[in-house]
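Taken in order, the sequence shown gives residues -24 to -1, 1 to 299; the numbers are from mature numbering (1 follows the signal peptide of the UniProt record, and there is no 0). Glycine is no exception: its CB is placed at the ideal position from the N, C-alpha and C atoms. Take a look at the structure below.
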Amino acid sequence: MKLRTSAAATALALAAALTLTACADDSGDGATPSASASSSAAPETPAPTKEDVAALESVKVEGEAGKEPKLSFKAPLEVSTATSRVIDEGDGAELAEGMKVTIDFVGYLGADGKSQGSTWAQKAPQSFVLGDASYGVLTEPLQGQKVGSRVLVAFPSQDAQGQAVTAVNLIEVTDAKKIPTRAEGEAVEPEKGLPTVTLDDSGKPSVEIPKGYEAPKDLVSQPLIKGDGAKVKEGQTITAQYTGWTLDGKSFDSSWERGTPASFPIAQGQVIDGWVKGLAGQTVGSQVLLVIPAEQAYGAEKSDDNELAGQPLVFVVDILDAQ
């Protein structure tokens, strides 16, 4: 999922700061409901070198758990690959892939040792699904840790000008919870003539486009399962399972195929307009069929840079959580 990029505002972004997901830009999991889709092959992350480990060992962490810590180190500090070090072991629930994890963190720039801001200062802890490829830099360091753990993570990244830098972050895990893997609620009879959605035993959807089906002029947002959770509000971040198809029935992106739900801010400029207008107002636990006109997807005009531009799209979205 290429929703979050180093140049875009993200769920884990700090004002005028690097993001924890910056080095996940090469995760390359295909086209997405982001405002601009792209794709690339997913490289295998190399193991840290002795020099990387030594660099992270040199970082001094001051301050107690639950408050913003101060990091100090001799600049410039550089690592060649994502490198982590456990500062404190927690005693809460153990983290596992698929769990919704909430963290506080502070970010420093390896080049000059200056703080780039923190969630403590903003009073804005951030959450994501452990295992989501968009947050791949956090999966290995946090998996198997427990709530209450503090983990130091450094990784190669880019600044706002695209220059190579090393980001140094102290992450404190403040909460973790299991979330459903599929929509749960009351089945809804869809309007006639829409694409037909079939679910396998796991809840993974497939879609059949009716013969001669014409792209609608207006957005279609059809609940298939009505969840009993709170209504999603524009500006919230949702956690969802989803698959997207073109009108010829070809799937171009699917969280089901990756095996982990994904998180998206339901906000203009962060996801395509059809997601914002089609999912805001739906309830958590719902499954929603979206048929999105091209102008509310990746634009009405075709583009050599984006094969989805100029095409209406079909999505089936299971809303698992919202915050």
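One question on the structure: do Lys86 and Glu116 come within less than 7 Å of each other, judged by their Cβ atoms? According to the sequence provided, residue 86 is Gly. The question's Lys does not apply to it. For Gly86 and Glu116, no; Cβs fall outside 7 Å.
Only counting the same chain, and skipping five residues up and downstream in sequence, which positions put a Cβ closer than 7 Å to that of Ser197? Shown here for Ser197: same chain residues with a beta carbon closer than 7 Å to its own, the five before and five after excluded, namely Gly254, Val264, Leu266 in chain order.
Assumed close pair Asp67, Gly112 - CB separation to whole angstroms, cut-off 8 Å: Contact check for Asp67 and Gly112: beta-carbon distance about 26 Å, past the 8 Å limit, so the pair fails to qualify.
Measuring straight from C-alpha to C-alpha, what distance separates Ala163 and Leu296? Cα to Cα, the separation comes out at about 16 Å.
By Cβ distance below 6 Å, which residues in the same chain neighbour Pro24 in space, the five residues on each side in sequence not counted? Thr57, Thr59, listed in sequence order.
Inter-residue CB distance, Ala273 and Gln258 (contact presumed, cutoff 8 Å): Taking the Cβ atoms as the reference, Ala273 lies roughly 18 Å from Gln258, outside the contact range of under 8 Å.
Is Ser91 helix, strand or coil by DSSP? Correct three-state label for Ser91: strand.
Cβ distance (whole Å) where Gly74 is taken to contact Gly107 below 8 Å: Contact between Gly74 and Gly107 holds, with the beta-carbon distance rounding to 6 Å and staying under 8 Å.
Starting from Ala270, trace the beta strand (DSSP E) both ways and give me its first and last residue. Looking at the DSSP string, Ala270 is not in any beta strand (DSSP E), and its letter there is neither H nor E.
Compute the beta-carbon to beta-carbon distance between Arg61 and Leu128, rounded to the nearest angstrom, for a pair I have assumed lies under 8 Å. Between the beta-carbon of Arg61 and that of Leu128 there is about 5 Å, and that keeps the pair under the 8 Å contact cut.
Between Ser94 and Thr78, is the Cβ-Cβ spacing less than 7 Å? The answer is no: Cβ separation not under 7 Å.
Looking at the unbroken alpha helix (DSSP H) that takes in Asp281, where does it start and where does it end? No residue range can be given for Asp281, since it is assigned to no alpha helix (DSSP H) and is classified by DSSP as neither H nor E.
Tell me which residue opens and which closes the alpha helix (DSSP H) that Lys26 is part of. In the DSSP assignment, Lys26 falls within the unbroken alpha helix (DSSP H) covering 26 to 33.
Considering only the beta carbon of each residue, do Ala51 and Asp28 sit closer than 7 Å? No, these two residues do not count as a Cβ contact at 7 Å.
Using 7 Å as the threshold, is the C-beta distance between Val183 and Leu200 below it? Not in contact: Val183 and Leu200 (Cβ atoms no closer than 7 Å).
Please classify Gly261 as buried or exposed, where buried requires at least 16 neighbouring CB atoms within 10 angstroms. With at least 16 other beta carbons inside 10 angstroms of its own, Gly261 counts as buried.
When you compare only the Cα positions, how much space is there between Pro241 and Ile214? One alpha carbon belongs to Pro241, the other to Ile214, and they sit about 6 Å apart.
Below 8 Å on the Cβ atoms is my guess for Leu47 versus Val144; work out the distance and round it to an integer in Å. The pair is a contact, with the Cβ atoms about 6 Å apart (cut-off 8 Å).
Tell me whether Arg158 sits in a helix, a strand or coil according to DSSP, three-state version. Assigned with DSSP and collapsed to three states, Arg158 falls in coil, not helix or strand.
What would DSSP say about Ser231, mapped onto helix, strand or coil? Three-state result, Ser231: helix.
Please return the same chain residues whose Cβ sits closer than 6 Å to the Cβ of residue 308, not counting the five positions on each side in sequence. Since the displayed the chain opens at -24 and closes at 299, residue 308 lies outside it and no answer follows.
Per DSSP, the bridge partner or partners of Asp297: Its beta-bridge partners are Thr215.
Say whether chain D places a C-beta atom closer than 7 Å to the C-beta of Gly42. This model lacks chain D altogether, as it is built from one protein chain only.
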